[in-house]
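Chains as they are written, first to last, in this note's numbering: chain A, 1 to 288; chain B, 289 to 475.
This is the structure we're talking about:
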């Protein structure tokens, strides 16, 4: 009997060590970012505790048989964590997930920064929802989008985020001006400015007047179809078709009006266009 | 590129090495450079890319090739950075929060004398959201990984796991960068 006792003890210790090695640490399946918790341990003596996280690595000595305190700052980053305990020749481990905390910031992408009025679904807003530790909040949240131009009623729409992202398309307003484009969620507010400019000119009208040098041709105030004055620099093309042939001049709009002096002496027909938009035609007689 | 660089460095050392201290230093630096280039030469992990559920924007053909290529390269650099404790490698394929967090992890493990080794057995990557303006793409990745944690040269943990990641990529000048990399319990 005495001969077998040491061998039996050795076998028992070996099995015990194996079973301990196979043991998992009792960690929660999930915790929210920045939440403290404890991990129970058994046995006695000191051990080394490792916590391997997405943005952190912790290594410290702990006492077996006492709870391991996991501090809030050790679990701030969402993702998978691996807890390892090594002591007495054995190793235990367990994994858990840290989930994002409540939303604290929005990453708001607004596109484009400048758009003509009256563009159907021309404005795009995309938000990604983050907590205060820059973890993507994957649980659905209602994100409100507002688009407002001075003097006009704001357009609002609520979009439920899916997997951290909420997005929408909106029409640009009919009135030109800087529009405030906002995304809000639980008091978090992100603001962008979208410049809504006049669309293509509409109803181009010109008048022509002969003078000593030729013909002075001038547009009426150039506006888009919603009545917004087009931007300075919009190019207007005057074309004169007369006895001397066809002559063309491009002129930028300045303070709503485009004007040019055409050096033609004989009778001519003058037309106006801007982009694909045609205006009226006027006929002028020859120089006296 | 790498074999050529290695060849040049080795040949120079054989011809010039020995008496001159400055040349020895140059040879040593060349060897280090050759070694680091060899490390980079390790193949990027295989990435299967699925765009069948993408929206709202459809993916252009060239983007459909570049996303899995850059995702694989990002994982490759992350594996090397974690194994060699070199946060400087993270800057090319990671940006924003992803770079900050991974750099913090590498800095923390260097301080503790730890290393994490990823043996990458491949990724099943699916495009989930592609923003209408083409400025951001959200991805779901199922990664088959072997993870080893080393304390000095002592292996303290080894496991083979299938993990799920949500990623966010944004375009840089000539490639895509990982802006967010977050492991999740499930999709």
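Virtual Cβ for every residue (Gly too), placed ideally from N, Cα, C.
Name the one or two DSSP bridge partners that residue i has.
{"i": "residue 202 of chain A", "result": "A/223"}
{"i": "residue 91 of chain A", "result": "A/86"}
{"i": "residue 167 of chain A", "result": "A/126"}
{"i": "residue 105 of chain A", "result": "A/130"}
{"i": "residue 415 of chain B", "result": "B/427"}
{"i": "residue 79 of chain A", "result": "A/98"}
{"i": "residue 422 of chain B", "result": "Paired residue(s): none; residue 422 of chain B is not in a bridge."}
{"i": "residue 45 of chain A", "result": "Bridge partners of residue 45 of chain A: none, in fact."}
{"i": "residue 207 of chain A", "result": "A/218"}
{"i": "residue 261 of chain A", "result": "A/216"}
If I follow the unbroken beta strand (DSSP E) through residue i, where does it start and stop?
{"i": "residue 514 of chain B", "result": "This structure cannot speak to residue 514 of chain B, because chain B is shown only from 289 to 475."}
{"i": "residue 428 of chain B", "result": "425 to 439"}
{"i": "residue 132 of chain A", "result": "Where residue 132 of chain A is concerned, there is no enclosing beta strand (DSSP E), given that its DSSP letter is neither H nor E."}
{"i": "residue 146 of chain A", "result": "142 to 149"}
{"i": "residue 114 of chain A", "result": "114 to 116"}
{"i": "residue 253 of chain A", "result": "No beta strand (DSSP E) holds residue 253 of chain A; DSSP gives it neither H nor E."}
{"i": "residue 337 of chain B", "result": "335 to 338"}
{"i": "residue 187 of chain A", "result": "Here residue 187 of chain A belongs to no beta strand (DSSP E), and DSSP marks it neither H nor E."}
{"i": "residue 60 of chain A", "result": "57 to 63"}
Consult DSSP for residue i and reduce its assignment to one of helix, strand or coil.
{"i": "residue 360 of chain B", "result": "helix"}
{"i": "residue 12 of chain A", "result": "Low local confidence applies: a pLDDT of 47 at residue 12 of chain A is under 50, so the model's placement there is unreliable, with the coordinate-based value given in what follows. Three-state result, residue 12 of chain A: helix."}
{"i": "residue 351 of chain B", "result": "helix"}
{"i": "residue 285 of chain A", "result": "coil"}
{"i": "residue 408 of chain B", "result": "strand"}
{"i": "residue 365 of chain B", "result": "helix"}
{"i": "residue 25 of chain A", "result": "coil"}
{"i": "residue 328 of chain B", "result": "The predicted position of residue 328 of chain B is uncertain, since its pLDDT is 49 and thus under 50; a value taken from the coordinates is nonetheless stated next. The answer is helix: DSSP assigns residue 328 of chain B an H, G or I state."}
{"i": "residue 74 of chain A", "result": "helix"}
{"i": "residue 174 of chain A", "result": "coil"}
{"i": "residue 370 of chain B", "result": "helix"}
{"i": "residue 344 of chain B", "result": "strand"}
{"i": "residue 473 of chain B", "result": "coil"}
{"i": "residue 375 of chain B", "result": "helix"}
{"i": "residue 228 of chain A", "result": "coil"}
{"i": "residue 323 of chain B", "result": "With a pLDDT of 44 at residue 323 of chain B, under the threshold of 50, the modelled position of that residue is not reliable, and the figure given next carries that caveat. Correct three-state label for residue 323 of chain B: helix."}
Against chain B, with Cβ distances strictly below 8 Å, would residue i count as a contact?
{"i": "residue 192 of chain A", "result": "no"}
{"i": "residue 171 of chain A", "result": "no"}
{"i": "residue 146 of chain A", "result": "no"}
{"i": "residue 32 of chain A", "result": "no"}
{"i": "residue 203 of chain A", "result": "no"}
{"i": "residue 91 of chain A", "result": "yes"}
{"i": "residue 82 of chain A", "result": "yes"}
{"i": "residue 21 of chain A", "result": "Below a pLDDT of 50, predicted positions are generally treated as unreliable, and residue 21 of chain A, at 45, falls in that range; no measurement from the model is reported."}
{"i": "residue 200 of chain A", "result": "no"}
{"i": "residue 126 of chain A", "result": "yes"}
{"i": "residue 27 of chain A", "result": "no"}
{"i": "residue 78 of chain A", "result": "yes"}
{"i": "residue 185 of chain A", "result": "no"}
{"i": "residue 101 of chain A", "result": "no"}
{"i": "residue 51 of chain A", "result": "no"}
{"i": "residue 136 of chain A", "result": "yes"}
{"i": "residue 163 of chain A", "result": "yes"}
Under 8 Å, do residue i and residue j count as touching if we go by C-beta distance?
{"i": "residue 96 of chain A", "j": "residue 31 of chain A", "result": "yes"}
{"i": "residue 146 of chain A", "j": "residue 140 of chain A", "result": "no"}
{"i": "residue 64 of chain A", "j": "residue 94 of chain A", "result": "no"}
{"i": "residue 116 of chain A", "j": "residue 173 of chain A", "result": "no"}
{"i": "residue 208 of chain A", "j": "residue 270 of chain A", "result": "yes"}
{"i": "residue 286 of chain A", "j": "residue 265 of chain A", "result": "yes"}
{"i": "residue 416 of chain B", "j": "residue 347 of chain B", "result": "no"}
{"i": "residue 424 of chain B", "j": "residue 126 of chain A", "result": "yes"}
{"i": "residue 281 of chain A", "j": "residue 214 of chain A", "result": "no"}
{"i": "residue 78 of chain A", "j": "residue 34 of chain A", "result": "no"}
Go to residue i, then tell me how far its alpha helix (DSSP H) extends in each direction, as first and last residue.
{"i": "residue 385 of chain B", "result": "384 to 400"}
Please check if any C-beta of chain A sits within less than 8 Å of the C-beta of residue i.
{"i": "residue 454 of chain B", "result": "yes"}
{"i": "residue 341 of chain B", "result": "no"}
{"i": "residue 427 of chain B", "result": "no"}
{"i": "residue 411 of chain B", "result": "no"}
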